Amino acid sequence: MVLQNVCTRMGCQTGWNDSLGTWDCPCHGSRYHPDGTVLMGPAAEPLPRLEHRLENGEIMIG
Ligand code: FES
49 MVLQNVCTRM
59 GCQTGWNDSL
69 GTWDCPCHGS
79 RYHPDGTVLM
89 GPAAEPLPRL
99 EHRLENGEIM
109 IG
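In our numbering, the protein residues as written are 49 to 110.
Written as C-alpha cells, this is what we have:
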C-alpha cells in the first residue's frame, strides 16, 4: 500500500509521528492511522491510496 501524505481536509503535507506511529497534519491537527484511515479530525476522509507497481525492485507510482 502506498499513501499520498497530503491531508484530505485542506491539502497540508502530513508528517510521520515516530512516537505515536501516525501520520499527523501540522495545519489543523488531523491524525491518520498508518493505513491512512482518520483517527482524529477535522479531516473526514482517509489519505488517498496511490496506484503502484514494483519494477526492478523499485516502487513505481501511477
Ligand atoms: S489541512 Fe490537515 S487538518 Fe487542516
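All C-beta atoms in this analysis are idealised placements derived from N, C-alpha and C, irrespective of residue type, glycine included. Please read these numbers as outputs of a predicted model, since none were measured by experiment.
>> Looking at the ligand FES, does it come within less than 7 angstroms of P82, judged from the CB to the closest heavy atom?
In response: One-based indexing of the sequence shown puts residue 82 at position 34. Not so, every heavy atom of the ligand FES lies at least 7 angstroms from the Cβ.
> Does DSSP put D72 in a helix, in a strand, or in coil?
Replying inline: Start at 1 with the first residue of the sequence shown, and residue 72 comes out as number 24. Strand at D72.
> Excluding five sequence neighbours on each side, which residues of the same chain lie with their C-beta closer than 7 angstroms to the C-beta of G110?
Replying inline: If you number the sequence shown from 1, residue 110 lands on position 62. Same-chain partners within the cutoff: E99.
> Span of the beta strand (DSSP E) holding R101?
Replying inline: Taking the sequence shown and counting its residues from 1, the one referred to as residue 101 is at position 53. First-last of the beta strand (DSSP E) with R101: 100-103.
>> Give me, in chain order, the residues of the same chain whose beta-carbon lies closer than 7 angstroms to that of Q61; leave out the 5 immediate sequence neighbours on both sides.
In response: Along the sequence shown, read from residue 1 onward, the residue named residue 61 stands at position 13. Excluding residues up to 5 positions away in sequence, N53, V54 lie with their Cβ nearer than 7 angstroms to the Cβ of Q61 in the same chain.
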